[in-house]
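Chains A and B, in that order, give the protein sequences.
Under full-length UniProt numbering, the letters of the first sequence match residues 1 to 652, in that order.
Under full-length UniProt numbering, the letters of the second sequence match residues 1 to 652, in that order.
Note that CB positions come from ideal geometry on N, CA and C, so glycine has one too.
From a predicted model like this one, the values you see are computed outputs, not experimental measurements.
2 protein chains.
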Amino acid sequence: MDIPDTPAIPAEALTGLLDGRWAHVRAEARARMAERGLPDTADLTTEDYRAVVLTELRELAHSGYPRIGFPPEHGGGGDPGGALTAFEMLGFGDLSVMVKAGVQWGLFGGAIEALGTQRHHDRYLRPLMDLEVAGCFAMTETGHGSDVQSLRTTATFDGDGFVVRTPDDSARKDYIGNAARDGRLAVVFAQLVVGDVSHGVHALVVPIRDEDGNPMPGVRIEDCGPKAGLNGVDNGRIWFDDVRVPRDALLDRYGRVDADGTYHSPIEGDGKRFFTMLGTLIRGRISVAGAAGSAAKKALAIAVRYGDTRRQFPHPDSGDEVVVLDYLAQQRKLLPALATTYALHFAQEELVSTLHDLPEDADRRELESRAAGLKAIGTWHTTRTVQVCREACGGAGYLMENQLPRLKADTDVFTTFEGDNTVLLQLVAKGLLTGYRQYIGERGMGRVIADQFVATVIERTAARSVIERLVNAVTPRDEETDLLDRGWHLKVFEDREKHVLDTLARRLRRAADPDADAFEVFNSAQDHVLRAARVHVDRIVLEAFVAALDRNPSPLLNRVCDLYVLANLEADLDWFLGHGRFTTARAKAVTGAVNALCRALRPHARTLVDAFAIPDALITAPIAHGDRQGTQSGATMTGSRSGEESRKAVAR
Amino acid sequence: MDIPDTPAIPAEALTGLLDGRWAHVRAEARARMAERGLPDTADLTTEDYRAVVLTELRELAHSGYPRIGFPPEHGGGGDPGGALTAFEMLGFGDLSVMVKAGVQWGLFGGAIEALGTQRHHDRYLRPLMDLEVAGCFAMTETGHGSDVQSLRTTATFDGDGFVVRTPDDSARKDYIGNAARDGRLAVVFAQLVVGDVSHGVHALVVPIRDEDGNPMPGVRIEDCGPKAGLNGVDNGRIWFDDVRVPRDALLDRYGRVDADGTYHSPIEGDGKRFFTMLGTLIRGRISVAGAAGSAAKKALAIAVRYGDTRRQFPHPDSGDEVVVLDYLAQQRKLLPALATTYALHFAQEELVSTLHDLPEDADRRELESRAAGLKAIGTWHTTRTVQVCREACGGAGYLMENQLPRLKADTDVFTTFEGDNTVLLQLVAKGLLTGYRQYIGERGMGRVIADQFVATVIERTAARSVIERLVNAVTPRDEETDLLDRGWHLKVFEDREKHVLDTLARRLRRAADPDADAFEVFNSAQDHVLRAARVHVDRIVLEAFVAALDRNPSPLLNRVCDLYVLANLEADLDWFLGHGRFTTARAKAVTGAVNALCRALRPHARTLVDAFAIPDALITAPIAHGDRQGTQSGATMTGSRSGEESRKAVAR
């Protein structure tokens, strides 16, 4: 397959397309981060690293940045989309700073805003925005991480206030950011008990340290100790030994207790209330996905720039050494990952935009599901991409000075925090199945018609009219369609999702059999469940990319989208072949197209990473700057010929 | 698919099967490591960590362990297989110790032994075995890592000795273990120049530090600085500024220079000589593969033990929380990786045994190729496995105390050092193609008969007669064969290798066209080349597993082998479907079989990891010992109800 050349364009032109609706926020973040640079954390102890990160947070607070997303009536900017974009940009910098900022303003501040009421907002929002008070989001317990509904900390009404208790060590709060060192307050999630009745998980504001930084009476705090990465964040464990808080410590938007002990909630049912409360915390997942995308961009920027200058092995004809990015194997490592990073960028942008525009009282289920799915797919993509970038840089990629090791270590936990990816994908699939059952329930079983199905069950999230036009323009005979036909791409992704979901639903119906072991039916379909979620997210991502291309046509981005699609199809060829979607000839052609697209995009690789416009101050890796000599990163010892005492000089 | 239950057996019984020919070496290593435990490196600075690792090396030297592999006439044990097994066992401990031991005794000592002659052996072997002299293996340069033949350091004969010169910074020696701190000598690889003639790369022993640890005159040494992992190893960079060494510094087994400047070599041709010299260093790759296997075993032991006790989400019927390893998704993360780890173990054992038994003057090409291939496949497997283990342990897996972060960081470089995996697989494929061309050359093109092809081109490495019997017993109609039929497995793996190689060879013949751009032909087939190597290694691994089962039948191991095969087939379903090998029904059945095998092996998971018999002293992760409370890994701060000054206690 031959792909026509795409004209070169300046990286800045692409940056404009990538920056989108919150371009002003991105520009401000770039300027601020370029000026501030990366904190120098090379030889710090954990405590010193934490101190540096706290200083960075104070700088952020001072800049007013954290105010962007909070309500204007409390001094905020009232721009939630801008706040999420700003978090995404923090992903270009030190990720401990990003995570600690996320804990403070995203999780702690977000919980106060979303779960509290006027009283809490008045009291806490302004000081927390300005980091006058540092807080924790104390949800996870050692024994319960994914299954938060089963938390075992209790908050028992004692006639006047609440008594917070950690019943045993497995119910201690664990991995809590800001706990080990800086947090004064914690939003503590606990089973709310009034009399003999438990009303399920609620959140309360509990002081954990006094003004001098000492733990409050009844509070025990332990340091989680060193982690794989993110060591600038002070994660800790907290026990509550019958700690009393007043009645108004309860964040009572979704449940309150009167002075006489009567419980009120606008939402019936503990489960439904719990998920409503969790849903308000969606921003954490979106932030992680955004920062993960930034980390992938940074890793790719380093690896592509290195691959674009590094040479190895002589060319058989000229004898000149070949630039390693000219090798197909190197292109295959980096370019599909780069194309997927672009695709996820547009999906993320659209998700942020949807959240920003969603009316307060709208149904948030689709949004929550999309956030969960993109977080899972995006963070796994980052883990894989950073790994492949490290390997693509060989031994140089293993040196801390070249930044990839820290990117790898810091982002690793993204796949399991703010919702374990495997659990999140199950949530996504559950949502899809609910939609499916409603659809079937309304229409009766039988042959589900694909178009209706797509319209009603798997709901297009972006640029419906454009996508429908493209899909409808495809000839029905797949085999003859151009492999680069966008309508065909959309149709193939849709068809895959429909089929996977359809067969999954039929399979799970067995669980309704009176003789069936329901757990066993669901458990043995778990791989099918995960696939359903994955292909659903893939379709959403593609639609977002197509919508972006429709807003801003770009021949180069068009090719990038082609590579995203073809690499995705190639990774799933077993499914397409196994379900009679592709002939063997078509499957071979897909692989050929991926190779051809790698070749076609190779001349633009540098432009594509430069378009992320990551400030130079944040890419300190010598290999990303054509420096094959490296820096003097350690002690230099020189022997002198004249025999005088050799000199030891510590460079830097 | 239902798989009959396999009776439970004690882990010790499996350990016996795994330990194999060098069981005595393994037993000794376990006893020594259990007694010694892991060095406590938690809060060390880099310099202190290096000092601790050096102490561990001295302990090893003191124990006599490093002597195992060296020649008896110099006080060694004359047991190269034992030495490689001992390295593999070191992989259960601190990997900085393993790598530094590998540098000292494997690379530095190995080069002296293999490339030097009597004089060098007499002078260096005993002191280096005892660590009286620490040495470096100074091959890689900043500008040349994979393409070592193009090194640019020179050693020029000056009428009396050699002058070693680093022409510029890109020719400095880089990433050299033992260089930054402890090395006194270096085996330096340089272009040997006599008069106007370069004879290609040779190795010389060059002193780099004096007795006081100061760099020798003309030698400049720089620290590589912090790395992602392995920070107990002192990697450095070395420049030689016209450093003179005597004529006998040349390791002259394959090339010597007389006093009058006449060059002699038993091998004609610089290229052939170079590859002969490299081939003697095969043990480094085997050691890395072995240690990578040990690291994967340790990660799996931690994750499986945790998964076997950790509970999350209530069972829909009983309400009891489900043990996470009962979930199919968790089984799918860990059990195929565990099965592959078993398979690679037997392949490694067989490779070590082959090397051990190979006569001095035998053709080593198959062995070199196998070592390269197993190193690549094995280290990638370890990178993936440690990652999946980390994720399978969630937030707990991110804490240093649970060992997975360090395993991940330390093993990461395995995929690119001692030969970049991608480059190694290309070497493997090149060897296969050479064999193929010889075969075609002798018989003429046309239809290559599979059996002959296997016999002569892809040479069975293990238990030929058993494998042939199994293969011949398979009915010709694939579709009807039991998916768990071992003969069918062997046949399918063979057929895949033959087809991939066959089509690759035909494709590359185009390069011989006078009009063809040879580089372009090869480059555009690079993914095909890598696949050829991979499926070749897969076949070798399976044959080794089958041979092990033939020596020691075990129903449980038989199931493990089934899962290895089926998971391998599943990962490659796109190929089997795309090449008409499997019908879509067969492909679905493969996925069903993987699920069924996971279910069947689930009850044995703990036994399978316990069988590795990793000393408890080396598995310090609290989560591997049913401790869901964690340890007190950091500062504990308790608030006192009585208001007295809160106490800060540093645990441990």
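Query: Return the Cβ separation of R332 (chain B) and C598 (chain B) in integer angstroms, given the expectation that the two are a contact with Cβ distance under 8 Å.; Result: 6 Å
Query: With DSSP run on the structure shown, which of helix, strand or coil describes L185 (chain B)?; Result: strand
Query: Rounded to whole angstroms, what's the CA-CA distance from residue 711 (chain B) to R237 (chain B)? Just pull it up for me.; Result: This structure cannot settle anything about residue 711 (chain B), because the visible part of chain B is limited to 1 through 652.
Query: Is the shortest distance between the beta-carbon of F417 (chain A) and the beta-carbons of chain B less than 8 Å?; Result: yes
Query: Excluding the 5 residues flanking V97 (chain A) on each side, which residues of the same chain have their C-beta closer than 8 Å to its C-beta?; Result: P39, V53, E56, L57, L60, L90 and G232
Query: Quick one: list the residues of chain B neighbouring T584 (chain A), beta-carbon separation under 9 Å, in chain order.; Result: L577, G578, H579 and G580
Query: Check for me: the alpha helix (DSSP H) holding E47 (chain B) runs from which residue to which?; Result: T46 to S63
Query: Determine, for K272 (chain B), whether the minimum Cβ-Cβ distance to residues of chain A falls below 8 Å.; Result: no
Query: Under 8 Å, do V609 (chain A) and V304 (chain A) count as touching if we go by C-beta distance?; Result: yes
Query: With a threshold of 8 Å between beta carbons, is L95 (chain A) in contact with chain B?; Result: no
Query: Assign T411 (chain B) to one of two classes, buried (16 or more other C-beta atoms within 10 Å of its C-beta) or exposed (fewer than that).; Result: buried
Query: Please return the same chain residues whose Cβ sits closer than 6 Å to the Cβ of T607 (chain A), not counting the five positions on each side in sequence.; Result: A11
Query: Suppose you measure from the CA of G378 (chain B) to the CA of A83 (chain B); what does that come to, to the nearest Å?; Result: 19 Å
Query: Compute the Euclidean distance between the alpha carbons of F87 (chain B) and A347 (chain B), then round it to the nearest angstrom.; Result: 16 Å
Query: Taking the alpha helix (DSSP H) that L618 (chain B) belongs to, which residues open and close that run?; Result: Element bounds for L618 (chain B): n/a, residue is neither H nor E.
Query: Within the continuous alpha helix (DSSP H) that includes W575 (chain B), where are the two ends?; Result: L573 to G578
Query: Which value, in whole angstroms, describes the spacing of the CA atoms of R551 (chain A) and K408 (chain B)?; Result: 43 Å
Query: For A505 (chain A), collect the residues of the same chain with a Cβ closer than 8 Å to its Cβ; drop the 5 residues on either side in sequence, then sort them by chain order.; Result: L433, Y436, R437 and I440
Query: Would you verify that the beta carbon of K588 (chain B) is, or is not, closer than 8 Å to some beta carbon of chain D?; Result: Absent from the structure is chain D; the protein chains it does hold are A and B.
Query: Quick one: which unbroken alpha helix (DSSP H) runs of 4-plus residues sit fully inside the segment 125 to 200 of chain A? Chain order, please.; Result: 126 to 129
Query: Whole angstroms is fine: what's the gap from L325 (chain A)'s alpha carbon to Y564 (chain A)'s?; Result: 19 Å
Query: Could you tell me if A613 (chain A) is buried or exposed, where buried requires 16 or more neighbouring beta carbons within 10 angstroms of its beta carbon?; Result: buried
Query: Would you say A246 (chain A) reaches chain B, if we count a Cβ-Cβ gap shorter than 8 Å as a contact?; Result: Correcting the residue type first, residue 246 (chain A) is Pro in the shown sequence and not Ala. No, its Cβ sits nowhere closer than 8 Å to a Cβ of chain B.
Query: Are G284 (chain A) and D420 (chain B) closer than 8 Å when you measure CB to CB?; Result: no
Query: My output table needs one value for V474 (chain A): the three-state DSSP class, helix, strand or coil.; Result: coil
Query: Is the CB of K173 (chain A) under 8 Å away from at least one CB in chain B?; Result: no
Query: Taking only beta-carbon positions, decide if M277 (chain A) is within less than 8 Å of chain B.; Result: no
Query: Pull up the distance between the alpha-carbon of F519 (chain A) and that of P553 (chain A), whole angstroms please.; Result: 49 Å
Query: Which same chain residues end up closer than 8 Å to D482 (chain A) when comparing Cβ atoms and leaving out the 5 residues on each side of it in sequence?; Result: W488
Query: So, at 7 Å on beta carbons, what are the nonlocal neighbours of residue 657 (chain A) in its own chain, with the 5 sequence-adjacent residues on each side left out?; Result: Because chain A is modelled from 1 through 652, residue 657 (chain A) falls outside the range shown and cannot be assessed.
Query: Can you list, in chain order, the residues of its chain with a C-beta nearer than 8 Å to that of L125 (chain A)? Leave out the 5 residues immediately preceding and following it.; Result: F70, P71, H74, G75, G76, G109, I112 and E113
Query: When the Cα atoms are used, what is the spatial distance from Y327 (chain A) to G293 (chain B)?; Result: 30 Å
Query: Just the Cα atoms here: how many angstroms apart are R165 (chain A) and A190 (chain A)?; Result: 9 Å
Query: Do A532 (chain B) and L501 (chain B) have their C-beta atoms closer together than 8 Å?; Result: yes
Query: Determine the contact status of Q403 (chain A) and I302 (chain A), defining contact as a CB-CB distance below 8 Å.; Result: yes
Query: Please name the residue, chosen from A:A362, A:L115, A:I286 and A:L573, that lies closest to residue 653 (chain A) on a Cα-to-Cα basis.; Result: Because chain A in this structure spans residues 1 to 652, residue 653 (chain A) falls outside the shown range and cannot be described.
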